[in-house]
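**Student:** Attaching a single structure in C-alpha coordinates format; questions to follow.
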Amino acid sequence: MELALGTRLRDLRKERNLSQRDLAERANLSPNAISLIERGEISPSVATLQRLAGALSVRMSYFFDDVDETHIVYSRAGRRPQIASKDVTIEGLGAKLTGQEIEAFFVTLAPGADTCTTWVVHAGHEFVCCLAGSLEYVVGETAYRLEPGEYLMFEANLPHCWRNAAGQESRFILVLHSPGGPRDPAQGHFTDHPSVAHLG
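Heads up: the sequence shown begins at 0 in numbering that gives the first Met the number 0, then just goes up one per residue.
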(Lines of atoms letter the chains of each structure in order from A; the text may use other names.)
(Lines give C-alpha, C1' and ligand atoms only; values in the text may rest on other atoms or scores of the structure.)
Protein backbone atom coordinates (compact mmCIF):
# COMPACT_ATOMS: atom_id res chain seq x y z
CA MET A 0 0.00 0.00 0.00
CA GLU A 1 1.37 3.41 -0.95
CA LEU A 2 0.87 5.96 1.77
CA ALA A 3 0.29 9.72 1.81
CA LEU A 4 3.89 10.51 2.57
CA GLY A 5 3.62 14.14 1.52
CA THR A 6 0.76 14.80 3.94
CA ARG A 7 2.67 13.28 6.83
CA LEU A 8 5.77 15.26 5.94
CA ARG A 9 3.83 18.52 5.80
CA ASP A 10 2.01 17.81 9.08
CA LEU A 11 5.23 16.94 10.91
CA ARG A 12 7.03 19.98 9.49
CA LYS A 13 4.24 22.26 10.71
CA GLU A 14 4.19 20.54 14.10
CA ARG A 15 7.91 21.40 14.37
CA ASN A 16 7.13 25.02 13.34
CA LEU A 17 9.43 24.77 10.32
CA SER A 18 8.99 26.44 6.94
CA GLN A 19 9.74 24.45 3.80
CA ARG A 20 12.96 26.47 3.52
CA ASP A 21 13.92 25.64 7.14
CA LEU A 22 13.39 21.94 6.56
CA ALA A 23 15.25 22.06 3.26
CA GLU A 24 18.28 23.59 5.00
CA ARG A 25 18.23 21.01 7.81
CA ALA A 26 17.92 18.11 5.34
CA ASN A 27 20.34 19.55 2.76
CA LEU A 28 17.62 19.55 0.08
CA SER A 29 16.08 22.28 -2.06
CA PRO A 30 12.87 24.01 -0.92
CA ASN A 31 11.39 23.02 -4.28
CA ALA A 32 12.04 19.34 -3.52
CA ILE A 33 10.23 19.67 -0.17
CA SER A 34 7.29 21.34 -1.90
CA LEU A 35 7.07 18.65 -4.61
CA ILE A 36 7.22 15.82 -2.04
CA GLU A 37 4.53 17.43 0.14
CA ARG A 38 2.24 17.82 -2.88
CA GLY A 39 2.82 14.18 -3.85
CA GLU A 40 4.33 15.14 -7.20
CA ILE A 41 7.55 13.20 -6.64
CA SER A 42 8.46 10.17 -4.53
CA PRO A 43 11.56 10.72 -2.40
CA SER A 44 14.47 8.33 -2.70
CA VAL A 45 15.71 6.26 0.22
CA ALA A 46 18.53 8.71 0.82
CA THR A 47 16.11 11.67 0.83
CA LEU A 48 13.78 9.89 3.22
CA GLN A 49 16.58 9.36 5.66
CA ARG A 50 17.67 12.99 5.44
CA LEU A 51 14.14 14.17 6.14
CA ALA A 52 13.68 11.73 9.01
CA GLY A 53 16.97 12.86 10.55
CA ALA A 54 16.11 16.55 10.11
CA LEU A 55 12.75 15.97 11.83
CA SER A 56 14.13 13.59 14.50
CA VAL A 57 11.85 10.67 13.68
CA ARG A 58 12.27 7.14 12.42
CA MET A 59 11.61 6.76 8.73
CA SER A 60 8.72 4.49 9.63
CA TYR A 61 6.88 7.56 10.98
CA PHE A 62 5.78 8.38 7.45
CA PHE A 63 4.19 4.99 6.91
CA ASP A 64 2.75 3.63 10.09
CA ASP A 65 0.50 4.87 12.92
CA VAL A 66 0.50 1.70 15.00
CA ASP A 67 0.97 2.03 18.76
CA GLU A 68 3.98 0.38 20.37
CA THR A 69 3.64 -3.37 20.79
CA HIS A 70 5.62 -6.42 21.90
CA ILE A 71 5.27 -8.44 18.67
CA VAL A 72 5.22 -7.40 15.01
CA TYR A 73 3.92 -9.85 12.40
CA SER A 74 4.46 -8.76 8.79
CA ARG A 75 2.59 -10.38 5.90
CA ALA A 76 3.72 -10.18 2.28
CA GLY A 77 1.64 -7.82 0.20
CA ARG A 78 0.35 -5.93 3.25
CA ARG A 79 3.45 -4.02 4.28
CA PRO A 80 3.72 -0.23 4.04
CA GLN A 81 6.00 0.80 1.20
CA ILE A 82 7.55 3.68 -0.68
CA ALA A 83 8.36 3.33 -4.35
CA SER A 84 10.41 5.51 -6.66
CA LYS A 85 11.87 4.92 -10.11
CA ASP A 86 14.79 2.76 -8.97
CA VAL A 87 13.94 1.69 -5.42
CA THR A 88 11.03 0.15 -3.52
CA ILE A 89 11.26 0.08 0.27
CA GLU A 90 8.91 -2.01 2.41
CA GLY A 91 8.79 -1.65 6.18
CA LEU A 92 9.24 -4.90 8.08
CA GLY A 93 8.13 -3.76 11.50
CA ALA A 94 8.40 -0.78 13.78
CA LYS A 95 6.92 0.30 17.09
CA LEU A 96 8.28 -2.49 19.28
CA THR A 97 8.65 -1.28 22.83
CA GLY A 98 12.25 -0.05 23.23
CA GLN A 99 13.05 -0.90 19.62
CA GLU A 100 16.64 -0.24 18.50
CA ILE A 101 16.49 -1.74 15.00
CA GLU A 102 14.72 -0.83 11.78
CA ALA A 103 14.21 -3.54 9.16
CA PHE A 104 13.37 -3.06 5.49
CA PHE A 105 12.78 -5.18 2.41
CA VAL A 106 14.46 -3.30 -0.45
CA THR A 107 14.10 -3.88 -4.19
CA LEU A 108 16.58 -2.20 -6.56
CA ALA A 109 16.03 -1.85 -10.29
CA PRO A 110 18.97 -2.69 -12.57
CA GLY A 111 21.42 0.21 -12.50
CA ALA A 112 20.13 1.68 -9.22
CA ASP A 113 23.02 3.34 -7.41
CA THR A 114 23.27 5.32 -4.16
CA CYS A 115 27.06 5.67 -4.35
CA THR A 116 26.96 9.34 -5.34
CA THR A 117 26.57 10.04 -1.59
CA TRP A 118 28.21 8.11 1.24
CA VAL A 119 26.05 7.13 4.22
CA VAL A 120 27.40 7.18 7.78
CA HIS A 121 25.40 6.61 10.97
CA ALA A 122 25.75 5.23 14.48
CA GLY A 123 25.24 1.57 15.30
CA HIS A 124 25.51 -1.45 13.03
CA GLU A 125 24.11 -2.49 9.67
CA PHE A 126 23.11 -5.90 8.36
CA VAL A 127 22.22 -6.64 4.73
CA CYS A 128 21.25 -10.03 3.26
CA CYS A 129 20.78 -10.55 -0.48
CA LEU A 130 17.63 -12.50 -1.35
CA ALA A 131 17.54 -12.33 -5.16
CA GLY A 132 19.68 -10.97 -7.97
CA SER A 133 23.00 -9.52 -6.85
CA LEU A 134 23.96 -6.47 -4.87
CA GLU A 135 27.19 -4.53 -4.50
CA TYR A 136 27.77 -2.92 -1.11
CA VAL A 137 30.73 -0.57 -0.81
CA VAL A 138 32.06 -0.13 2.73
CA GLY A 139 35.05 2.16 3.08
CA GLU A 140 37.37 1.31 0.20
CA THR A 141 36.11 -2.24 -0.32
CA ALA A 142 33.26 -3.40 -2.57
CA TYR A 143 31.39 -6.57 -1.56
CA ARG A 144 29.31 -8.37 -4.18
CA LEU A 145 26.46 -10.23 -2.50
CA GLU A 146 24.64 -13.11 -4.16
CA PRO A 147 21.44 -14.73 -2.84
CA GLY A 148 21.94 -16.11 0.67
CA GLU A 149 25.05 -14.01 1.35
CA TYR A 150 25.10 -11.28 3.97
CA LEU A 151 27.24 -8.44 5.19
CA MET A 152 27.34 -6.91 8.68
CA PHE A 153 29.48 -3.92 9.62
CA GLU A 154 29.93 -0.91 11.88
CA ALA A 155 27.76 1.76 10.30
CA ASN A 156 30.12 4.62 11.12
CA LEU A 157 32.16 3.39 8.13
CA PRO A 158 31.16 5.27 4.93
CA HIS A 159 28.98 3.01 2.80
CA CYS A 160 26.57 2.83 -0.13
CA TRP A 161 24.93 0.24 -2.39
CA ARG A 162 24.31 -0.35 -6.08
CA ASN A 163 22.81 -2.88 -8.45
CA ALA A 164 25.20 -3.16 -11.39
CA ALA A 165 23.54 -6.33 -12.69
CA GLY A 166 20.95 -6.53 -15.45
CA GLN A 167 18.23 -7.88 -13.19
CA GLU A 168 16.30 -6.72 -10.15
CA SER A 169 18.01 -7.06 -6.77
CA ARG A 170 16.11 -7.77 -3.53
CA PHE A 171 17.56 -7.68 -0.04
CA ILE A 172 16.80 -7.31 3.66
CA LEU A 173 18.33 -4.24 5.32
CA VAL A 174 18.52 -3.96 9.12
CA LEU A 175 19.73 -0.75 10.76
CA HIS A 176 20.69 -0.88 14.44
CA SER A 177 20.55 2.36 16.42
CA PRO A 178 21.70 1.94 20.03
CA GLY A 179 19.89 4.13 22.49
CA GLY A 180 17.43 5.75 20.12
CA PRO A 181 15.83 6.08 16.72
CA ARG A 182 17.62 9.10 15.23
CA ASP A 183 20.97 7.83 13.99
CA PRO A 184 20.07 5.45 11.15
CA ALA A 185 17.37 7.79 9.97
CA GLN A 186 20.03 10.36 9.14
CA GLY A 187 21.72 8.33 6.45
CA HIS A 188 20.24 5.68 4.22
CA PHE A 189 16.99 6.98 3.05
CA THR A 190 17.89 10.59 2.44
CA ASP A 191 15.85 10.57 -0.74
CA HIS A 192 12.72 9.16 0.93
CA PRO A 193 11.36 11.29 3.75
CA SER A 194 10.82 9.12 6.80
CA VAL A 195 11.63 5.55 6.07
CA ALA A 196 12.16 5.25 9.81
CA HIS A 197 8.45 4.84 10.36
CA LEU A 198 8.00 2.54 7.40
CA GLY A 199 8.95 -0.29 9.67
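Just so you know, even glycine gets a beta-carbon here, dropped at the ideal spot from N, CA and C. From a predicted model like this one, the values you see are computed outputs, not experimental measurements.
Compute the distance between the beta-carbons of C115 and Y150, then report whether it is under 9 Å.
**Tutor:** Contact: no.
**Student:** Bridge partners for S169 per DSSP, in chain order?
**Tutor:** L108
**Student:** Using the Cα positions of R38 and L11, report the straight-line distance between them to the nearest angstrom.
**Tutor:** Between R38 and L11, the C-alpha separation is close to 14 Å.
**Student:** Report yes if the C-beta distance between I33 and L22 is below 9 Å; otherwise report no.
**Tutor:** For the 9 Å CB-CB criterion, I33 and L22 form a contact.
**Student:** Straight-line CA distance for A164 to S84?
**Tutor:** 18 Å
**Student:** Using the Cα positions of L35 and L55, report the straight-line distance between them to the nearest angstrom.
**Tutor:** 18 Å
**Student:** Which two residues bound the contiguous alpha helix (DSSP H) that contains Q99?
**Tutor:** Unbroken run through Q99: none, as it is neither H nor E.
**Student:** Taking the alpha carbon of H159 as the reference point, which residue from I89, G148 and A142 has its own alpha carbon closest?
**Tutor:** A142
**Student:** Give me the Cα-Cα distance between N27 and L145, rounded to the nearest whole angstrom.
**Tutor:** 31 Å
**Student:** Please report the Cβ distance between R170 and A109, rounded to the nearest whole angstrom; I am assuming they are in contact, meaning their Cβ atoms lie under 8 Å.
**Tutor:** Incorrect: roughly 11 Å between the Cβ atoms, too far for contact.
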